[in-house]
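Q:
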Amino acid sequence: MPVTVVTLKQIETQLDLIITRPPSGLFLKGNLQVPGDKSISHRALMLGAIAQGETRIQGLLLGDDPRSTAVCFQAMGAEISVLNAAAVIVKGVGVGELQEPVDILNAGNSGTTLRLMLGLLASHPGRFFTVTGDKSLRSRPMSRVVQPLQQMGAQIWGRGNGSLAPLAIQGQRLKPIHYHSPIASAQVKSCILLAGLMADGDTTVTEPALSRDHSERMLKAFGAKITVDPETHSATVTGPAQLQGQTVIVPGDISSAAFWLVAGAIVPDSDLLIENIGVNPTRTGILDALAMMNADIQLENQRIVAGEPVADIRVRYSRLNACEIAGDLIPRLIDEIPILAVAAVFAQGTTVIQDAAELRVKESDRLAVMASQLNRMGAKITELPDGLEITGNTPLTGTEVDSHTDHRISMSLAIAALNAKGITTIHGAEAATISYPDFTTTLQRLCNRGSAEQLV
1061 MPVTVVTLKQ
1071 IETQLDLIIT
1081 RPPSGLFLKG
1091 NLQVPGDKSI
1101 SHRALMLGAI
1111 AQGETRIQGL
1121 LLGDDPRSTA
1131 VCFQAMGAEI
1141 SVLNAAAVIV
1151 KGVGVGELQE
1161 PVDILNAGNS
1171 GTTLRLMLGL
1181 LASHPGRFFT
1191 VTGDKSLRSR
1201 PMSRVVQPLQ
1211 QMGAQIWGRG
1221 NGSLAPLAIQ
1231 GQRLKPIHYH
1241 SPIASAQVKS
1251 CILLAGLMAD
1261 GDTTVTEPAL
1271 SRDHSERMLK
1281 AFGAKITVDP
1291 ETHSATVTGP
1301 AQLQGQTVIV
1311 PGDISSAAFW
1321 LVAGAIVPDS
1331 DLLIENIGVN
1341 PTRTGILDAL
1351 AMMNADIQLE
1361 NQRIVAGEPV
1371 ADIRVRYSRL
1381 NACEIAGDLI
1391 PRLIDEIPIL
1401 AVAAVFAQGT
1411 TVIQDAAELR
1421 VKESDRLAVM
1431 ASQLNRMGAK
1441 ITELPDGLEI
1451 TGNTPLTGTE
1461 VDSHTDHRIS
1471 MSLAIAALNA
1481 KGITTIHGAE
1491 AATISYPDFT
1501 TTLQRLCNRG
1511 SAEQLV
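If you read the sequence shown in my numbering, its first letter stands for residue 1061, the second for the next number, and so on.
Here is the structure:
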């Protein structure tokens, strides 16, 4: 009889994902789609909420994080229809017209919601806001956006001298600044540009390297005057601005596709086509890194959809080689480093990841957690202050591992388990719903089909 590869076990509020690799192995074949891009989904909801008129969003990610964004902006007067992938209608209030909420705004687990929203809240004179998040978000640093906003004249208070949520904001008329960010961060850049929408003049953000540019693209589409200088990694918005509602088509999230790209690359005899994926060049570091590792990946049906480059991505199994991942490449794949660590475990040679200290202040300390959990399975990974050193081609054995309530950790460990001998149990697998609600069902479909065909 065919082996059931992927099963679930509910234990009180925790979900265990159990992966049993058949003794004769498995393979992954077929076409699949992934949820809408999380970064674009957040921004479409936010800009729709502050634009004049109606915004129609197709392909919105239905994960917990965008839901947090929607709930926050509904509390401030925006009308947002029931979230669904077909079409979400947002009726905006206009730039500068967000209402003072009667209760605390809760961003849940979403750092994007909280950090980007701060730029808008701080620029609403005469209105008071209080924002918080879950336990994980309340431990994540907010000073990186609070400090530049204070340079613009914002009044923000919070724990740790304004560095930790909950935060209280008394809206002010902000002044434009030229901010030289010490880190390449789309969240920092976007927060300041959103604050600049109501400032009188040019607000500029210059980064040490280019971070994802979804905000710049979408602000321009909504009618803001925005200029970009790729040579200096600078973006400038001119305020005061008015935005007009638009139709936004959200492509598949390359960060979600990354799990299947690595799965297809490391599981023998696999051949997957991942359809309708956003391939914005500021987000395709994962493709560059896998190419350096000799992965067999091809872009098909390349096109432009609503201002964003889109393609279908085919991945086939290949023998991977180690590589070095560092420098300007890091901002273009920061969210994909956990799953790249899995790829490196199955590559020939030693992979070194550096300049990624940012991962220590994500939903978990992703460097420490990936090292500890993969090492439990038999990997040879050494933590560096800002990265990982991974000795590849080391066989993994199934055991009990933990997601540390981090969605990317949970899904990365699931992909690693596909090549681990025996049974792997991943505690806290419910974390995947933050960005990829259908991850487990997609994994079940692919794995159970592959194992059944192989064992007939």
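A virtual CB, placed ideally from N, CA and C, is assigned to each residue, including glycine.
1. Under 8 Å, with one C-beta from each stretch per pair, do the segment 1254-1263 and the segment 1283-1298 reach the 3-pair mark?
2. Would you tell me roughly how many angstroms separate the C-alpha atoms of Val-1065 and Asp-1372, rounded to the nearest one?
3. Give the straight-line distance between the Cα atoms of Arg-1175 and Val-1206, rounded to the nearest whole angstrom.
4. Going by CA-CA distance only, name the one from Leu-1086, Asp-1097 and Ser-1170 that's closest to Ser-1424.
5. Within the continuous beta strand (DSSP E) that includes Asp-1076, where are the two ends?
6. Could you tell me if Lys-1422 is buried or exposed, where buried requires 16 or more neighbouring beta carbons within 10 angstroms of its beta carbon?
7. Among residues of its own chain, excluding the 5 on either side of Val-1310, which ones have a beta-carbon nearer than 6 Å to its beta-carbon?
8. Please identify the residue among Ala-1489, Ile-1494 and Ser-1495 whose C-alpha is closest to the C-alpha of Gln-1070.
9. Taking all protein chains shown into account, do 16 or more other C-beta atoms lie within 10 angstroms of the C-beta of Gln-1525, making it buried, or fewer, making it exposed?
10. In three-state terms, what does DSSP make of Asp-1372?
11. Assign Ala-1351 to one of two classes, buried (16 or more other C-beta atoms within 10 Å of its C-beta) or exposed (fewer than that).
12. CA-CA distance, Leu-1234 and Val-1308?
13. For the beta strand (DSSP E) that contains Pro-1226, what are its first and last residues?
14. List, from N- to C-terminal side, the alpha helix (DSSP H) runs of 4 residues or more that fit wholly inside the segment 1098-1170.
15. Applying the criterion that 16 or more other CB atoms from any shown protein chain within 10 Å of the CB defines a buried residue, is Val-1162 buried or exposed?
16. Which same chain residues, not among the five before or five after Arg-1436, have their C-beta less than 7 Å away from its C-beta?
17. Please list, in chain order, all residues of the same chain as His-1274 whose beta carbon is under 6 Å from its beta carbon, the five residues on each side excluded.
18. Taking buried to mean at least 16 other C-beta atoms within 10 Å of its own C-beta, is Arg-1363 buried or exposed?
19. For Val-1516, name the three-state secondary structure that DSSP assigns.
20. Take the Cβ of Ala-1147 as the centre, count every other Cβ of all protein chains shown within 10 Å, and call the residue buried at 16 or more, exposed below.
21. When burial is assigned at 16 or more other CB atoms within 10 Å of the CB, is Trp-1217 buried or exposed?
22. If we ignore side chains and look at the alpha-carbon of each, how far apart do Ile-1494 and Gly-1168 end up?
23. Would you list the one or two residues that DSSP bridges to Trp-1519?
24. Please list the terminal residues of the continuous alpha helix (DSSP H) segment that includes Gln-1211.
25. Taking three-plus beta-carbon pairs below 8 Å as touching, is the segment 1387-1406 in contact with the segment 1340-1358?
26. Could you tell me which of Ser-1271, Ala-1225, Gly-1213 and Val-1288 sits nearest to Met-1258, measuring between CA atoms?
27. Could you round the C-beta distance between Ile-1390 and Asp-1415 to whole angstroms and report it? I think they count as a contact, below 8 Å.
28. Once the 5 residues before and after Pro-1185 are set aside, which same chain residues still bring their CB inside 8 Å of it?
29. Could you tell me whether the Cβ atoms of Arg-1055 and Ile-1314 are closer together than 8 Å?
30. Between which two residues does the beta strand (DSSP E) containing Gly-1452 stretch?
31. On a CA-only basis, which of Val-1412, Ser-1330, Ser-1196 and Thr-1073 is nearest Phe-1087? Give me that one, please.
32. Round the Cβ separation of Ala-1403 and Asp-1446 to the nearest angstrom and send it over; I've been treating them as touching at under 8 Å.
A: According to the structure data:
1. These segments touch.
2. 27 Å
3. Taken atom to atom, the span from the alpha-carbon of Arg-1175 to that of Val-1206 is near 9 Å.
4. Ser-1170
5. 1074-1080
6. buried
7. Gly-1096, Asp-1097, Ile-1100, Ser-1101, Gly-1119 and Leu-1120
8. Ala-1489
9. Any question about residue 1525 goes unanswered here, given that the chain covers just 1061 to 1516.
10. The answer is strand: DSSP assigns Asp-1372 an E or B state.
11. Exposed, because fewer than 16 other Cβ atoms sit within 10 Å of the Cβ of Ala-1351.
12. 29 Å
13. 1224-1230
14. Counting only runs of 4 or more, we get 1098-1110 and 1124-1134.
15. exposed
16. Thr-1459 and Val-1461
17. Ser-1099, Ile-1100 and Arg-1103
18. exposed
19. Note that Val-1516 has pLDDT 29, beneath the 50 cutoff, so the model's placement of it is unreliable and the number below is only indicative. DSSP places Val-1516 in coil when its eight states are reduced to three.
20. exposed
21. exposed
22. 10 Å
23. A query on residue 1519 cannot be resolved here, the shown segment of the chain reaching from 1061 to 1516 and no further.
24. 1203-1211
25. Taking 8 Å as the limit for Cβ pairs, the verdict is that the segment 1340-1358 does touch the segment 1387-1406.
26. Gly-1213
27. 5 Å
28. Gly-1231, Gln-1232 and Arg-1233
29. Residue numbering for the chain in the displayed model covers 1061 to 1516; residue 1055 lies beyond these limits and cannot be assessed.
30. Run containing Gly-1452: none; DSSP gives neither H nor E here.
31. Ser-1330
32. Not confirmed; about 19 Å, so no contact.
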